[in-house]
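Encoded as structure tokens, the structure appears first; notes follow it.
Protein chains: 2
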Amino acid sequence: MYGLYDYLPSGNGYKVRLVLKQLGLGYELVELDIKNGASRTPEFLAKNPNGRIPLLEIPGRGYLAESHAIIGYLAEGSFLVPVDRYERAQMTAWLCFEQYNLEPNVATVRFWLHSLKKTPAELGERLEEKRRLGHDALAVLERGLTGRRFLVGDAYTLADIALYAYTHVAAEGGFSLEPYPAIRQWLRAVEEQPGYAPITAR
Amino acid sequence: MYGLYDYLPSGNGYKVRLVLKQLGLGYELVELDIKNGASRTPEFLAKNPNGRIPLLEIPGRGYLAESHAIIGYLAEGSFLVPVDRYERAQMTAWLCFEQYNLEPNVATVRFWLHSLKKTPAELGERLEEKRRLGHDALAVLERGLTGRRFLVGDAYTLADIALYAYTHVAAEGGFSLEPYPAIRQWLRAVEEQPGYAPITAR
Chain V
1114 MYGLYDYLPS
1124 GNGYKVRLVL
1134 KQLGLGYELV
1144 ELDIKNGASR
1154 TPEFLAKNPN
1164 GRIPLLEIPG
1174 RGYLAESHAI
1184 IGYLAEGSFL
1194 VPVDRYERAQ
1204 MTAWLCFEQY
1214 NLEPNVATVR
1224 FWLHSLKKTP
1234 AELGERLEEK
1244 RRLGHDALAV
1254 LERGLTGRRF
1264 LVGDAYTLAD
1274 IALYAYTHVA
1284 AEGGFSLEPY
1294 PAIRQWLRAV
1304 EEQPGYAPIT
1314 AR
Chain R
1114 MYGLYDYLPS
1124 GNGYKVRLVL
1134 KQLGLGYELV
1144 ELDIKNGASR
1154 TPEFLAKNPN
1164 GRIPLLEIPG
1174 RGYLAESHAI
1184 IGYLAEGSFL
1194 VPVDRYERAQ
1204 MTAWLCFEQY
1214 NLEPNVATVR
1224 FWLHSLKKTP
1234 AELGERLEEK
1244 RRLGHDALAV
1254 LERGLTGRRF
1264 LVGDAYTLAD
1274 IALYAYTHVA
1284 AEGGFSLEPY
1294 PAIRQWLRAV
1304 EEQPGYAPIT
1314 AR
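So the sequences go chain by chain: V and R.
All residue numbers for the first sequence refer to my numbering, where the first residue is 1114 and numbers rise by one.
All residue numbers for the second sequence refer to my numbering, where the first residue is 1114 and numbers rise by one.
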């Protein structure tokens, strides 16, 4: 059985948990209190030198870091990955966009405000810059979803799972989704998928 | 023939150009002066709403953004991608690490200092933070390369190309590689690969 080192409020961890659930794969959860340095201990750094969750333990092989590497590994050949080569590459492009443009802004602000309980006054200009970049990313996502049910082709894929993870809790970082009707409609479509489970479900 | 919208000093563009060359694939280069907004024109935004290069045009299909999605598309099934599923996932994990931990720090500082010609005094604390995070990323890369010839398995893969792209020009952002002997040895191993070409080669 897979082992998953994770922190339940993490959207990156949630991507992996949702894929495991929707593929019907069993796993043992090892919860780490990352707010208090549990992913930076010598013991954990020996497993993942980058000191981050989620981390998957694959019996007989070893450890695998990075949420998008993990979900790609788990879902290879499944209904969550397009058969067509170009659509598969478009899915990967959305995953890259999430990690480069959306996550460092929308997710980081949520982590500061919601998990670390920092105040906007403490964060100052850094918060303002990440808010601006986060809304830029949400606007690109809105444009990508306009007139479409899902991000790639006409089916639910890893791209929807990965972008959903932090977008659906953007309000916890103070990002209103009111200006993004296509995003709001798509969030509901993701939530209607078989095997859907909320972010903190084990 | 593929079309490639690119900016020659870009490490992200270089990843794609090196893969095209090493796979022997022809392409037509369309150079964009991104320092002067050429990737944010309405015409380009219609091709890539995220306003970034590199962008691949695939005849008969459409456009593909994100350097790692592009190189994954081009190299699928080639010698640059491991056959083993776990090794392929480890390669993807290194690609994710590059975009999340190395590129936003090592590459961004290089872009500020080398391309935009900003001074450290202008950049202030933002520069110091990115220097610290950039060295953290280089230390993780050093650890990943210690005792190994290449990043994944025992062969040259897309992970080596992607991590090489900005690491080999880190000095242009003021990052010394002197503390990283395994990185320096690996840079030479990458440069010995058949079909290697320098960053600004067309």
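The C-beta atom is built at its ideal place from N, Cα and C for all residues, glycine as well.
Given the structure is predicted, the values throughout are model-derived calculations rather than measurements.
Leaving out five residues on either side along the sequence, give the residues of the same chain with a beta carbon under 8 angstroms from the beta carbon of Ser-1123(V). The residue you call residue 1123(V) lines up with position 10 of the first sequence. Around Ser-1123(V): Ile-1147, Ile-1166 and Pro-1167.
Hey, out of Val-1219(V), Val-1196(V) and Leu-1121(V), whose CA is closest to Lys-1243(V)'s CA? On the first sequence, residue 1243(V) is found 130 positions in, with the first residue counted as 1. It is Val-1219(V).
Leu-1264(V) vs Ala-1272(V) beta-carbon contact at 7 angstroms: For the purposes of this step, residue 1264(V) is identified with residue 151 of the first sequence, where counting begins at 1. For the purposes of this step, residue 1272(V) is identified with residue 159 of the first sequence, where counting begins at 1. Contact: yes.
Whose Cβ in chain R lies nearer than 7 angstroms to the Cβ of Phe-1210(V)? Taking the first sequence and counting its residues from 1, the one referred to as residue 1210(V) is at position 97. Close to Phe-1210(V), with beta-carbon spacing below 7 angstroms, are these residues of chain R in chain order: Asn-1163 and Glu-1179.
Can you find the residues in the same chain that come closer than 7 angstroms, C-beta to C-beta, to Glu-1200(R), ignoring five residues on each side of it along the sequence? Indexing the second sequence from 1 puts residue 1200(R) at position 87. Correct list, in chain order: Val-1265 and Gly-1266.
Exposed or buried, which one is Ala-1188(V) when buried takes at least 16 other CB atoms within 10 Å? For the purposes of this step, residue 1188(V) is taken as the residue at position 75 of the first sequence. Counting Cβ neighbours within 10 Å, Ala-1188(V) comes out buried, since at least 16 surround it.
Contact list for the segment 1215 to 1238 of chain V against chain R, Cβ threshold 8 angstroms: Listed by position along the chain: Glu-1216 and Pro-1217.
Could you run through the segment 1115 to 1133 of chain V and flag, in chain order, every residue whose CB is less than 9 angstroms away from some CB of chain R? For the segment 1115 to 1133 of chain V, the beta-carbon criterion of a distance under 9 angstroms to any beta-carbon of chain R is satisfied by none of its residues.
In terms of DSSP beta bridges, what is Ile-1171(R) paired with? In the second sequence, the residue the question calls residue 1171(R) occupies position 58. Paired residues: Gly-1175(R).
Report yes if the CB atom of Tyr-1140(R) is closer than 7 angstroms to the CB atom of Leu-1131(R), and no otherwise. Locating residue 1140(R) in the second sequence gives position 27, where the first residue counts as 1. Locating residue 1131(R) in the second sequence gives position 18, where the first residue counts as 1. Contact flag unset, no.
Can the beta-carbon of Ala-1202(R) be found less than 7 angstroms from the beta-carbon of Leu-1229(V)? The residue given as residue 1202(R) occupies position 89 in the second sequence. The residue given as residue 1229(V) occupies position 116 in the first sequence. One thing to note: Ala-1202(R) has its Cβ no nearer than 7 angstroms to the Cβ of Leu-1229(V).
Can we say the segment 1300 to 1313 of chain V touches the segment 1143 to 1163 of chain R, given the rule of at least three CB pairs closer than 8 angstroms? no
Please report how far the alpha carbon of Phe-1192(V) lies from the alpha carbon of Glu-1285(R), in whole angstroms. Taking the first residue of the first sequence as position 1, residue 1192(V) is located at position 79. Taking the first residue of the second sequence as position 1, residue 1285(R) is located at position 172. For Phe-1192(V) and Glu-1285(R), the distance between alpha carbons rounds to 44 angstroms.
Would you please state the rounded distance, in angstroms, between the beta carbons of Leu-1254(R) and Leu-1276(R)? I believe it to be under 8 angstroms. What you label residue 1254(R) is simply residue 141 of the second sequence in a count that begins at 1. What you label residue 1276(R) is simply residue 163 of the second sequence in a count that begins at 1. So it is a contact: roughly 6 angstroms between Cβ atoms.
Compare the Cα-Cα distances from Arg-1153(V) to each of Asp-1249(R), Ala-1283(R), Leu-1290(R) and Gly-1260(R) and report the closest residue. By 1-based counting over the first sequence, the position of residue 1153(V) is 40. Comparing Cα-Cα distances from Arg-1153(V) to each of Asp-1249(R), Ala-1283(R), Leu-1290(R) and Gly-1260(R), the minimum goes to Asp-1249(R).
Distance, Cα to Cα, Gly-1150(R) vs Leu-1258(V)? Your numbering for residue 1150(R) matches position 37 in the second sequence. Your numbering for residue 1258(V) matches position 145 in the first sequence. Near 25 angstroms, if we compare the C-alpha coordinates of Leu-1258(V) and Gly-1150(R).
List the DSSP bridge partners of Gly-1116(R). Counted from its first residue, the second sequence places residue 1116(R) at position 3. Paired residue(s): Glu-1141(R) and Glu-1170(R).
For chain V, find out if any of its Cβ atoms is closer than 7 angstroms to the Cβ of Tyr-1199(R); answer yes or no. Looking up residue 1199(R) in the second sequence gives position 86. Chain V, which has a Cβ nearer than 7 angstroms to the Cβ of Tyr-1199(R), makes this yes.
Which residue or residues does DSSP assign as beta-bridge partners of Ala-1268(V)? Sequence index remark: in the first sequence, residue 1268(V) carries index 155 (1-based). Partner(s): Val-1265(V).
Using beta-carbon positions only, say whether Leu-1145(R) and Tyr-1118(R) come within less than 7 angstroms of one another. Position 32 of the second sequence, counted from the start, is the residue given in the question as residue 1145(R). Position 5 of the second sequence, counted from the start, is the residue given in the question as residue 1118(R). Result yes, Cβ atoms of Leu-1145(R) and Tyr-1118(R) sit closer than 7 angstroms.
Does Tyr-1279(R) come within less than 7 angstroms of chain V when only Cβ atoms are used? The residue you call residue 1279(R) lines up with position 166 of the second sequence. For Tyr-1279(R), the nearest beta carbon of chain V is not closer than 7 angstroms to its own beta carbon.
What in chain V is Cβ-close to Ala-1206(R), meaning under 7 angstroms? The count along the second sequence starts at 1 and reaches residue 1206(R) at position 93. The answer, in chain order, is Leu-1177, Ala-1178, Glu-1179 and Ala-1182.
Tell me whether Asp-1273(V) sits in a helix, a strand or coil according to DSSP, three-state version. Indexing the first sequence from 1 puts residue 1273(V) at position 160. It is helical.
Endpoints, alpha helix (DSSP H) assigned at Trp-1299(V): On the first sequence, residue 1299(V) is found 186 positions in, with the first residue counted as 1. Its alpha helix (DSSP H) spans residues 1294 to 1304.
Please confirm whether Ala-1234(R) and Ala-1206(V) have their CB atoms less than 7 angstroms apart. Against the second sequence, residue 1234(R) aligns to sequence position 121. Against the first sequence, residue 1206(V) aligns to sequence position 93. Taking 7 angstroms as the Cβ cut-off, Ala-1234(R) and Ala-1206(V) do not qualify as a contacting pair.
Is Lys-1128(V) closer than 7 angstroms to Ile-1296(V) when the C-beta atoms are compared? As a position in the first sequence, residue 1296(V) is number 183, starting the count at 1. As a position in the first sequence, residue 1128(V) is number 15, starting the count at 1. Taking 7 angstroms as the Cβ cut-off, Ile-1296(V) and Lys-1128(V) do not qualify as a contacting pair.
Sequence-distant residues of the same chain with beta carbon closer than 8 angstroms to Ala-1310(R), five excluded per side: Sequence index remark: in the second sequence, residue 1310(R) carries index 197 (1-based). Result list for Ala-1310(R): Arg-1130, Leu-1131 and Lys-1134, in chain order.
Leu-1136(R) versus Gln-1212(V): straight-line alpha-carbon distance, rounded: Your numbering for residue 1136(R) matches position 23 in the second sequence. Your numbering for residue 1212(V) matches position 99 in the first sequence. Roughly 27 angstroms between the two C-alpha positions.
Near Met-1114(V), which residues of its chain fall below 8 angstroms by C-beta distance, leaving aside the five closest residues on each side in sequence? Within the first sequence, the letter at position 1 stands for residue 1114(V). Taken in chain order, the residues that qualify are Gly-1139, Tyr-1140, Glu-1141 and Pro-1172.
Flag Val-1303(R) as yes if its beta-carbon sits less than 7 angstroms from any beta-carbon of chain V, otherwise no. For the purposes of this step, residue 1303(R) is taken as residue 190 along the second sequence, with counting starting at 1. Output row for Val-1303(R): interface = no.
So for Asn-1163(V), helix, strand or coil by DSSP? Here residue 1163(V) is taken as the residue at index 50 of the first sequence, counted from 1. Correct three-state label for Asn-1163(V): coil.
Mind checking the segment 1144 to 1164 of chain R against chain V and listing, in chain order, the residues whose C-beta falls within less than 8 angstroms of any C-beta there? Pro-1162 and Asn-1163
Using a Cβ-Cβ distance cut-off of 7 angstroms, determine whether Ala-1268(V) contacts chain R. The count along the first sequence starts at 1 and reaches residue 1268(V) at position 155. No, no contact with chain R.
Taking Cβ-Cβ distances below 9 angstroms as the criterion, which residues of the segment 1252 to 1263 of chain R are in contact with chain V? Ala-1252, Val-1253, Arg-1256 and Gly-1257
Extent of the continuous alpha helix (DSSP H) to which Leu-1187(V) belongs: Residue mapping note: residue 1187(V) aligns to position 74 of the first sequence, counting from 1. Judged by DSSP secondary structure, Leu-1187(V) falls within the alpha helix (DSSP H) whose first and last residues are 1180 to 1188.
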